[in-house]
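Student:
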Amino acid sequence: MIVTVLGANSLLGQHLLQHIQRSDRSVQLITWTHSGAFEPRLPEIEASFVERFNGFDALHKAVHRSDLVFNLHEAQDLSLFPRDALLLLHNVDCELLILIVCCLA
4 MIVTVLGANS LLGQHLLQHI QRSDRSVQLI TWTHSGAFEP RLPEIEASFV
54 ERFNGFDALH KAVHRSDLVF NLHEAQDLSL FPRDALLLLH NVDCELLILI
104 VCCLA
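In the working numbering, the protein residues as written are 4 to 108.
Below you can see the structure in the form of structure tokens.
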């Protein structure tokens, strides 16, 4: 089974990866992050067994072979004047792109 975790650097993403690796070593893991590389922050996440992708351009590559996709990607702006364009890009447009890419996979 191939499992893809979108938003793998999030706290929930880290715990999900850790749990999957503890539970079933036969699961092939793929991670996707919007920007920056995947960084394992919890113990027992064996990064050498994780295929990594980042950026919107790599989204299709991250999900096209997957049997199961967890979408944990989000953007938060807790400032006094939130950047609406950034929130729209990550929390609306990105979600639409993920749905399209998953349907094409």
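C-beta atoms are modelled at their ideal positions from N, C-alpha and C, and glycine is treated no differently.
When you compare the stretch 38–54 with the stretch 86–100, are there three or more beta-carbon pairs, one atom per stretch, that lie closer than 8 Å?
Tutor: Judged by Cβ distances under 8 Å, the stretch 38–54 makes no contact with the stretch 86–100, as fewer than three pairs qualify.
Student: Based on the DSSP output, what are the partners of residue 89 in its beta bridges?
Tutor: Numbered from 1 along the sequence shown, position 86 holds the residue referred to as residue 89. Its beta-bridge partners do not exist; DSSP assigns none.
Student: Which same chain residues end up closer than 6 Å to residue 65 when comparing Cβ atoms and leaving out the 5 residues on each side of it in sequence?
Tutor: Residue mapping note: residue 65 aligns to position 62 of the sequence shown, counting from 1. Hits under 6 Å: 7, 33, 35, 56.
Student: Would you report the Cα separation of residue 101 and residue 70, rounded to the nearest angstrom?
Tutor: Translated into positions along the sequence shown, residue 101 becomes position 98. Translated into positions along the sequence shown, residue 70 becomes position 67. The straight-line gap from Cα to Cα measures roughly 15 Å.
Student: Residues in the same chain with beta-carbon distance under 7 Å from residue 151, minus the five sequence neighbours each way, listed in chain order, please.
Tutor: The requested residue 151 does not occur in the structure, where the chain is confined to residues 4 to 108.
Student: Would you decide whether residue 10 is buried or exposed? Buried here means 16 or more other CB atoms lie within 10 Å of its CB.
Tutor: Here residue 10 refers to the residue found at position 7 of the sequence shown. That one is buried.
Student: Once the 5 residues before and after residue 31 are set aside, which same chain residues still bring their CB inside 6 Å of it?
Tutor: By one-based count along the sequence shown, residue 31 stands at place 28. Cβ neighbours of residue 31 beyond the five flanking positions: 5.
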